[in-house]
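**Q** Questions regarding the structure given below will be posed in turn.
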C-alpha cells in the first residue's frame, strides 16, 4: 500500500516538476497548447479562409522560444546608457505589497461550526515576490483544526506571462504539525482557470502535494461565482493529524460574492469535502462519516 | 474657462487669466480645491486654474516661462509637441532633474512652429489637472482667421490619487472594467446564434486569456470626463452665431482615455492635427488619443445649440459641451453607444483580415512578417502578432461600421509633402508589448528601467516601424523631433508628434534626428508610461 501511495505522490510531484519547464515556456497544463497557444488552426478553418495562404504559419502568438535570428533590442543603443539625472521614472521597478483575504468565513455543517480562512500576502516586483500563504479551518467542536491548516513562506518567481514558480517552506498548524519544503507553480491556465500546484517534502520524511483549481464565473460584473476544487495527497499516514496515505481528501466548493467594490465582497457558499482512504478510516474510527458539507458566509477583501 | 477669441490671441483683451499671451510668463503650480463629483479634492493647478491657462505664443518669439513649484513634491512641465532644446523639454530624469518643492525653473526657448499644442506635467500630476493648451499664432497674420476660435480640452478626472489608480491596476488589471462578458451574455448569445457559435465567439479570447472588452484600463468607474475642465452637467458652452466660421482646437488631455468626438448635425472639417495643417477633410466623428490635437472647423448653420459629444472609447461615460448662439442653450445629448467586443483583427492583424474575420477593411495581400525581439518571448510579454495589419484606413474598434464618416489616419495628409525627402538610411523596428494580466507595459518586451536607449545619429533620416503586439491602442509620443507618418506603401502621409498604433497594427514613421540630446519616447497613456512602455532616445 505504502509503495503504491509513494508512487502516486511521486507521480503527482513529478507532474509538478514537469510543469516547471512547461511553465517557463508558457504552456501548462496541456502540452497540446505548446505550439498553437490557442488552437488557431481550428479557429482559422472556422473562418472560411479564402485560398489559404499556406506560407502563413501562425508560429504561436503566445509562448514559444525566440528563434535564433530574433532581434536584439539592445542593439539600437550602440553602447549608450540611460540618463543618470535625478527623478528618473522608476515606477516600473516598484515593490507592491498586496493583502488578499480570499476567504474569511463562518462555516456551519454536519460537523458543527467553525471559522475558515484562505489568505495571501504578497510583496515584490513584476519578477520576484515574497508570498505568505495560509489556509485553514478551525471547528468549534473540540477546537479541532482541519489537518490541511497551514502557513507557507514562498519565493515567487515569474516563469511565464501567466505563470510563476514557488519555492519555500510550509508549516502545518495544530497537533502533529510538520515542517515541509515546498515547491510549486501557480498561474492562469487557458480559459481563465486559476491553478495552484505545490509539492512538499516533510522533515518527517513524508511527501505531499496539494492542488487547487478555481474559476471565476461572472454572473454579472459584480456577482461572481467561484467554483473551486482542492485535493491533497500524502505518501505516509500521520496519526496525529489523522491523515492516511494516498489521496487524503477532495474538496469541491462554490462561493458567490458580490463586489460592493473590487476590494470588498461579501459572499455565501457551499463546501463539500470527502475524506478518502486512510483519512476516511480515521474519521470513521471517531464515529464520523467521511463526507462533510458546510454552508459558509464570509468576506473577500484585498488592499 | 472660456477662451473665446474672435481676434488673434495677443490682440484680444483679458479673459480673466484663462489665457496668457506674450513672451514672459510666470506659472505657479499649487494645489487647488476642486469638486467634480460631490467630493472635495485637491487638484494641481497653474495660476489657480484647472486646466492650466491657455498659453498664446507667436511664431518667431523667444518665450521665457518661470515655473514656480508651490507643491510639496517634485513637479515638471513638458511642452507637448514643441520643438525645444533638450534641457527645456521638462522630463524629469531625462531633460533635467525636475523642479523641487519651493524651486523655480526657468524655461526659455524660441518658438519655431505654429498651431495647437499643449503642456502638462511629466509626472502623475498630469492626472490631477496640470495640463493646458498652447496656441501658437503665425508671424504673418492668417489669410482667413475664423470668427470664433475655442480650445476644447478633453480630460479625465478621478477622485483617487493617481498612484492609487496605478497600484489598483498593478494588483488587478481589470480593476476598472465593469463591462466584461458575463454568463448572461453567453446565454443570450447562445439563444440568438446557437450554443456552438456562442462558444466559438469566445474561444479565441478565453483560450488566450484575453479580454475582448479591454479598451481602456481606467473607466468611468472612477473617471469623470471633462471638457475644458467642466463636467458634462456643467456644459461648457462656446458662443457662435449663425454664419460664423468656428474653429475648435481639440486637445486629447486624457491620461488614460481616448475620446470619440462628434457634434451631431454639424459636419466637421479637420484642418490640422498635432499643430500641423492637413488637407481639409470633412467627417462626422473622430477619435482623439491622449497627446493628440485636432483643429476642427465648421460654419454655424443656424441659431440652434449643437452638442459636442465626446464619449470615452470604452463607452462608460462622456464629456459634453455646447456650441450655441448664446450661453444657457442645450441641445440633445446622444445616448452612449454599447461597448462592442474587439474584433479578431485586433488580436491577429492581417491573419484575421485575410480570413475575412473583418469586413470592410480586408487585406488581400499578406504583409511581411513582423520581426520579434528576443525579449518578447519572456514573461513580461503575453502575446505577439506575426502578421500585423498595415492599413491606415481603419477608424478602430468601436467606430467600424458607423453609418457616418469617421476620420482615419488614411485621411490625414500634409499639404506640403515630405519635409525631409531623404530616403531613410535605416530602420528601427520596435514592438509595443505588454502583459495585460499583470499590467506590465514595455517596448520589445523591455520595461524602461531594464532597457537601453535608442541611439539616433545627428541629422540622420531614419524610419521607426511599430508593431503593436498588444490588444490595446497606444498613442506613441516622441519628444524633440517630429514623427512623419508613412502609409503602408512607405509614402509620406502626415507630420505628427503623437501617433496611435492600433491593436495588431504595423505602422512606420520617419524621423529627422536634428535635435541633439536625450529625449523621452513613450506611450501617452500615463499608466502605461509609468509601467514601462517608455524608451529613452539619445541623439549624439
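Residue numbers (this note's numbering), protein chains in the order written: chain A, 16 to 318; chain B, 2 to 541.
Beta carbons: idealized from backbone N, C-alpha and C, even for Gly.
Every value quoted in this text rests on a predicted model; they were computed, and no experiment measured them.
(1) Leaving out five residues before and five after residue 249 of chain B in sequence, what residues of the same chain have Cβ atoms less than 6 Å from its Cβ?
(2) In the DSSP output, what is residue 84 of chain B paired with across the bridge?
(3) Restricting to runs no shorter than 3 residues, where is the beta strand (DSSP E) found entirely within the stretch 130 to 200 of chain A?
(4) How is residue 413 of chain B classed by DSSP in three states: helix, strand or coil?
(5) For the stretch 469 to 485 of chain B, which residues have a CB atom closer than 8 Å to at least one CB atom of chain A, in sequence order?
(6) Tell me, which residues are paired with residue 264 of chain A by DSSP?
(7) I'd like to know whether the C-beta of residue 510 of chain B is nearer than 8 Å to at least one C-beta of chain A.
(8) Could you please give the first and the last residue of the uninterrupted alpha helix (DSSP H) stretch that includes residue 496 of chain B?
(9) Using only the alpha-carbon positions, how far apart do residue 285 of chain A and residue 201 of chain B sit?
(10) Give the secondary structure of residue 112 of chain A by DSSP, where H, G and I count as helix, E and B as strand, and everything else as coil.
(11) Kindly list the residues whose CB is nearer than 7 Å to the CB of residue 337 of chain B, restricted to its own chain and excluding five residues on each side of it in sequence; keep chain order.
(12) For a contact defined as C-beta to C-beta under 7 Å, what are the partners of residue 105 of chain A on chain B?
(13) Scan the stretch 203 to 233 of chain A for residues whose Cβ lies nearer than 7 Å to a Cβ of chain B and list them as they occur along the chain.
(14) Does residue 376 of chain B come out as helix, strand or coil in the three-state DSSP assignment?
(15) Taking the alpha-carbon positions, what's the residue 91 of chain A to residue 234 of chain B distance?
(16) Taking the C-alpha atoms as reference points, what is the distance between residue 93 of chain B and residue 274 of chain B?
(17) Look up residue 70 of chain B in the DSSP assignment and say whether it is helix, strand or coil.
(18) Let me confirm a value: residue 255 of chain A is counted as buried when at least 16 other C-beta atoms fall within 10 Å, else exposed. Which label applies?
(19) Residue 234 of chain A: buried (16+ other C-beta within 10 angstroms of its C-beta) or exposed?
(20) Quick test of the definition: if touching needs 3 or more C-beta pairs under 8 Å, does the stretch 90 to 110 of chain B touch the stretch 91 to 108 of chain A?
(21) Just to confirm the assignment, what range does the beta strand (DSSP E) spanning residue 186 of chain B have?
(22) Could you check what DSSP says for residue 200 of chain B in three-state terms: helix, strand or coil?
(23) Could you give the uninterrupted runs of the alpha helix (DSSP H) lying entirely in the stretch 478 to 535 of chain B, keeping only those of 4 residues or more?
(24) Are the C-beta of residue 173 of chain A and some C-beta of chain B separated by less than 8 Å?
(25) Of all the residues that make up the stretch 93 to 122 of chain A, which are near chain B by a beta-carbon distance shorter than 7 Å?
(26) Chain A beta carbons: is any one of them nearer than 8 Å to that of residue 453 of chain B?
(27) Of all the residues that make up the stretch 369 to 387 of chain B, which are near chain A by a beta-carbon distance shorter than 9 Å?
(28) With a CB to CB cut of under 6 Å and the five nearest residues on each side skipped, what residues in its chain are close to residue 272 of chain A?
(29) For the stretch 189 to 223 of chain B, list every residue whose C-beta sits within 8 Å of some C-beta in chain A, in sequence order.
(30) Do the CB positions of residue 38 of chain B and residue 256 of chain B come within less than 8 Å of each other?
(31) Could you tell me which residues DSSP puts in a beta bridge with residue 271 of chain A?
(32) Would you verify that the beta carbon of residue 535 of chain B is, or is not, closer than 8 Å to some beta carbon of chain A?
(33) Check whether the Cβ of residue 273 of chain A lies closer than 8 Å to any Cβ atom in chain B.
(34) From the DSSP output, in three-state form, read off residue 315 of chain B for me.
(35) With 8 Å as the threshold, decide whether the Cβ of residue 445 of chain B is near any Cβ in chain A.
(36) Take residue 34 of chain B and list the residues in its own chain whose beta-carbon comes closer than 7 Å to its own, dropping the five residues that flank it on each side.
**A** Let me lay it out:
(1) 151, 153, 297, listed in sequence order.
(2) Looking at the DSSP assignment, residue 84 of chain B forms no beta bridge with any residue, so it has no partner.
(3) Counting only runs of 3 or more, we get 143 to 154, 165 to 173, 178 to 187.
(4) In the displayed model, residue 413 of chain B falls within coil according to three-state DSSP, outside both helix and strand.
(5) For the stretch 469 to 485 of chain B, which is checked against every Cβ of chain A, not one residue is closer than 8 Å.
(6) Paired residues: A:247, A:290.
(7) Against chain A, the CB of residue 510 of chain B has no partner CB under 8 Å away; the residue lies outside that interface.
(8) Per DSSP, residue 496 of chain B lies in no alpha helix (DSSP H) segment; the continuous beta strand (DSSP E) that holds it begins and ends at 493 to 497.
(9) As the crow flies, the alpha-carbon of residue 285 of chain A is around 31 Å from that of residue 201 of chain B.
(10) Strand at residue 112 of chain A.
(11) Within the same chain, residue 337 of chain B has close Cβ partners 312, 316, 319.
(12) Residues of chain B whose Cβ lies closer than 7 Å to the Cβ of residue 105 of chain A are, in chain order, 450.
(13) Hits within the stretch, in order: 203, 205, 206, 207, 232, 233.
(14) Residue 376 of chain B: helix per DSSP, three-state reduction.
(15) C-alpha separation (whole angstroms): 49 Å.
(16) If I take the Cα positions, the gap works out to 27 Å.
(17) The answer is strand: DSSP assigns residue 70 of chain B an E or B state.
(18) That one is exposed.
(19) With fewer than 16 other beta carbons inside 10 angstroms of its own, residue 234 of chain A counts as exposed.
(20) When Cβ pairs closer than 8 Å are counted between the two stretches, the stretch 90 to 110 of chain B is seen to touch the stretch 91 to 108 of chain A, the count reaching three or more.
(21) First-last for residue 186 of chain B: 184 to 194, but that is the alpha helix (DSSP H), not the beta strand (DSSP E).
(22) Here residue 200 of chain B sits in helix by DSSP.
(23) Segments of the alpha helix (DSSP H) lying fully in the stretch 478 to 535 of chain B: 527 to 532.
(24) Yes, residue 173 of chain A lies at the interface with chain B (some Cβ there is under 8 Å from its Cβ).
(25) For the stretch 93 to 122 of chain A, the set of positions with a beta-carbon nearer than 7 Å to some beta-carbon of chain B reads 93, 95, 96, 97, 98, 100, 101, 102, 103, 104, 105, 106, 107, 108, 111, 113 in chain order.
(26) Chain A, which has a Cβ nearer than 8 Å to the Cβ of residue 453 of chain B, makes this yes.
(27) If the cut-off is 9 Å between Cβ atoms, the stretch 369 to 387 of chain B has 370, 372, 373, 374, 375, 376, 377, 378, 379, 380, 381, 382, 383, 384, 385, 386, 387 near chain A.
(28) Cβ within range, chain order: 239, 280, 282, 315.
(29) Closer than 8 Å at the C-beta level to chain A, one finds these residues of the stretch 189 to 223 of chain B: 201, 204, 205, 207, 208, 209, 210.
(30) No. Outside cutoff.
(31) According to DSSP, residue 271 of chain A bridges with A:240, A:283.
(32) Residue 535 of chain B counts as touching chain A.
(33) Interface criterion not met: the Cβ of residue 273 of chain A is under 8 Å from no Cβ in chain B.
(34) DSSP places residue 315 of chain B in coil when its eight states are reduced to three.
(35) Judged by the 8 Å Cβ criterion, residue 445 of chain B is in contact with chain A.
(36) The beta carbon of residue 34 of chain B sits closer than 7 Å to the beta carbons of 41, 43 from its chain, once the five residues preceding and following it are set aside; these are given in chain order.
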